[in-house]
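Have a look at the structure below before the remarks.
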Amino acid sequence: MPISFEDARSLILDHITPLEIETVSLLEANGRALAEDFIAPWNLPLFNNSAMDGFAVRTVDCAQDNTLQIVDYIPAGGTADKTVAPGTAVKIMTGAPVPGGCDAIVPFEEASELGQTLSVNNGPLKGAHIRVSGEDVSIGDRVLQAGTTLRPWEISMLASLGQTTASVYSRPTVAILSTGDELTEPGKSLKPGQIVDSNSIALATAIRELGAEPKILGIAADSPDSLREKINTGLEFDMLITSAGVSMGDRDFVREVLAELGVKELFWKVNIKPGRPTAFGLKDGKPVFSVPGNPVSALITFEQFVRPALLAMMGHVRVFRPVVKARLFEPVRKKEGRMQFMRVLVKTGEEGLTVSSSGDQNTGILNTLVRAGGIALLPAERETIEAGELVDVQLLGQMNG
Numbered sequence: 006m007p008i009s010f011e012d013a014r015s016l017i018l019d020h021i022t023p024l025e026i027e028t029v030s031l032l033e034a035n036g037r038a039l040a041e042d043f044i045a046p047w048n049l050p051l052f053n054n055s056a057m058d059g060f061a062v063r064t065v066d067c068a069q070d071n072t073l074q075i076v077d078y079i080p081a082g083g084t085a086d087k088t089v090a091p092g093t094a095v096k097i098m099t100g101a102p103v104p105g106g107c108d109a110i111v112p113f114e115e116a117s118e119l120g121q122t123l124s125v126n127n128g129p130l131k132g133a134h135i136r137v138s139g140e141d142v143s144i145g146d147r148v149l150q151a152g153t154t155l156r157p158w159e160i161s162m163l164a165s166l167g168q169t170t171a172s173v174y175s176r177p178t179v180a181i182l183s184t185g186d187e188l189t190e191p192g193k194s195l196k197p198g199q200i201v202d203s204n205s206i207a208l209a210t211a212i213r214e215l216g217a218e219p220k221i222l223g224i225a226a227d228s229p230d231s232l233r234e235k236i237n238t239g240l241e242f243d244m245l246i247t248s249a250g251v252s253m254g255d256r257d258f259v260r261e262v263l264a265e266l267g268v269k270e271l272f273w274k275v276n277i278k279p280g281r282p283t284a285f286g287l288k289d290g291k292p293v294f295s296v297p298g299n300p301v302s303a304l305i306t307f308e309q310f311v312r313p314a315l316l317a318m319m320g321h322v323r324v325f326r327p328v329v330k331a332r333l334f335e336p337v338r339k340k341e342g343r344m345q346f347m348r349v350l351v352k353t354g355e356e357g358l359t360v361s362s363s364g365d366q367n368t369g370i371l372n373t374l375v376r377a378g379g380i381a382l383l384p385a386e387r388e389t390i391e392a393g394e395l396v397d398v399q400l401l402g403q404m405n406g
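This is how it looks when you write it as structure tokens:
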């Protein structure tokens, strides 16, 4: 009995466990999930410092017509040896420590320097152009939570707080197996009746994009012996994905071979379009996905089911693509009882985001997915969605205008 889209997703994520933790250099940590909370070991900034090239002064001394004596110079990386006493100023560079007695920095362009004397054009406010110790981060703050995806800005924060490495979750290795007598590898001559296996390389690319390690097993023939050999190899990895062979054809043997090899099936068939003949199971705790052979269906079911599972295995907290509300440009008719993933063009305008079909929604039309800026999630219980209605849209990272 097919299950709902929501139940399928929940069932998958309920059975996913993050992999082991390892320590890597910050350069290798980009895109990976932090495995533990990071607590600030010191203040950031570490000390009060100047935000401008200028002069450290006391605001009380900066009344009109006052002349100050320049008594010291502090470069970036220098030390503040002298205090700003009444009637004096200290020349200071950006990033240099603020000397005692100073309560403001006057930028060069707001002052007139003549020899060792200084006059201020406009009196500064207290605290002007001073970066205060701890104003960004205070010692003991939980700066980053476990599960945070480490992007260049999080890595900058870790480096600023003295870290050279990060504790992250290991990268899963993912075996990919295409099945079907009609398939041949890309680059080889096609014989009559053959088609190119694009699923292996497409899925491998999607896996690598997430930071996991794909392992392409090649093509298994439509025979139990061929499938058994390839699937046995695939079960040695952290995850196995098969494409095709799980429908109800007389040569669809994937499901029975998986069962024979000890894969416990948790569901087979989901009430979605495209991608209904999708299956999920476990072998010794390792996830096994079987997606349809059609390239559009394979990639969309990867997006909806495999991608979140992989991100969860790598410890990420946010495992789903962003979903936004967008206004439907045209009416849509669909079959009730199945959630439909409609490939859409995403545009911005005076009314905000609008979406329209990116073309023929037949699962044999790959170009419609190539052109799409998002996937509209059309509810299972609806048969008609009228033009102007708001729908949920998963953004795929590109806008169409």
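Mind the numbering: the sequence shown is residues 6 to 406 in our numbering, read in order. Every residue gets a Cβ at the ideal spot worked out from N, C-alpha and C, and that includes glycine.
Buried or exposed: residue i, going by 16 or more other Cβ atoms within 10 Å of its Cβ?
i    : result
N4   : Residue numbering for the chain in the displayed model covers 6 to 406; residue 4 lies beyond these limits and cannot be assessed.
Q403 : exposed
G152 : buried
M6   : exposed
G239 : buried
W367 : The sequence given here places Asn at residue 367; Trp does not occur at that position. It is exposed - the Cβ of N367 has fewer than 16 other Cβ atoms within 10 Å.
D202 : buried
A264 : exposed
Q345 : buried
Q150 : exposed
F310 : buried
A81  : exposed
L195 : exposed
L222 : buried
R37  : buried
I200 : exposed
L39  : buried
S30  : exposed
S117 : exposed
N372 : exposed
P91  : exposed
G185 : buried
R136 : buried
Considering Cα atoms alone, identify which of the options is closest to residue i.
i    : options                   : result
R147 : E41, M344 and V360        : E41
D289 : P7, D12 and I21           : I21
I390 : E335, T28 and N367        : E335
G378 : S362, G393 and Q366       : S362
F52  : I17, P104, V293 and G120  : P104
F242 : G106, L287, K269 and L16  : L287
D58  : G364, A109 and V262       : A109
D227 : T210, D202 and D257       : D257
L16  : N367, V293, P384 and T373 : V293
S1   : L119, Q121 and V251       : For residue 1 there is no data in the structure shown, the boundaries of the chain being 6 and 406.
K291 : V125, S117 and V179       : V179
L382 : T189, I8, I305 and T169   : I305
S165 : E388, P50 and Q150        : P50
V337 : R312, N405, A56 and A392  : A392
R14  : R176, E355 and L271       : L271
G216 : D141, V173, G139 and G198 : V173
P46  : G354, L395, L245 and V142 : V142
G354 : K340, V324, N405 and F307 : N405
A207 : A225, G192 and I181       : I181
S124 : V62, T169, K274 and I144  : V62
T35  : H134, T169 and P313       : Per the sequence presented here, residue 35 reads as Asn, with Thr not at that position. Out of H134, T169 and P313, T169 has the C-alpha closest to the C-alpha of N35.
G100 : Q121, H134 and V89        : H134
V324 : T359, Q399, G267 and E386 : Q399
R176 : G185, E140, R213 and P191 : R213
S55  : S138, T28 and D86         : S138
Which residues does DSSP pair with residue i in a beta bridge?
i    : result
S205 : Note: S205 sits in no beta bridge, so no partner.
F60  : K96 and V111
F43  : L149
V251 : In DSSP, V251 forms no bridge with anything.
A171 : V29
N54  : P102 and R136
D77  : V95
L182 : T247
L49  : V142
T189 : V201
T22  : DSSP lists no partner for T22.
T210 : T210 is not bridged to any residue.
A13  : A13 pairs with nothing; no bridge assigned.
Answer yes or no: the CB of residue i versus the heavy atoms of the ligand COA, is any distance below 7 Å?
i    : result
G145 : Looking at this structure, you won't find the ligand COA or any other ligand, since it has none at all.
Chain E beta carbons: is any one of them nearer than 8 Å to that of residue i?
i    : result
G364 : Here there is only one protein chain, and chain E is not present.
Item checked: contact_flag[the stretch 68-88, the stretch 96-105] where n(CB pairs < 8 Å) is 3 or more -> Touching, yes, given that three or more Cβ pairs across the two stretches are closer than 8 Å.
Note to self: What ranges does the beta strand (DSSP E) occupy inside the stretch 84-155, keeping only unbroken runs of at least 3 residues that lie completely in it?
What the structure shows: 93-97, 109-112, 116-119, 122-125 and 147-149
Item checked: Any 3 or more C-beta pairs closer than 8 Å across the stretch 21-32 and the stretch 312-320 -> yes
Note to self: Which runs of the beta strand (DSSP E) at least 3 residues long sit entirely within the stretch 338-401? Give them in chain order.
What the structure shows: 344-354, 357-362, 379-383 and 395-400
Check: Of all the alpha helix (DSSP H) runs that stay within the bounds of the stretch 259-347, which reach a length of 4 or more residues?
Finding: 259-265, 300-306 and 312-318
Check: If we count Cβ pairs, one from each stretch, closer than 8 Å, do we get three or more for the stretch 323-330 versus the stretch 220-236?
Finding: no
Item checked: Three or more C-beta pairs below 8 Å linking the stretch 269-282 and the stretch 298-308 -> yes
Item checked: Inter-stretch contact at 8 Å, needing at least 3 Cβ pairs: the stretch 58-68 / the stretch 159-166 -> In this structure the stretch 58-68 does not lie against the stretch 159-166, because fewer than three pairs of beta carbons, one per stretch, are closer than 8 Å.
Checklist line | Whole beta strand (DSSP E) elements within the stretch 216-242, 3-residue minimum | finding: Correct list: 218-225.
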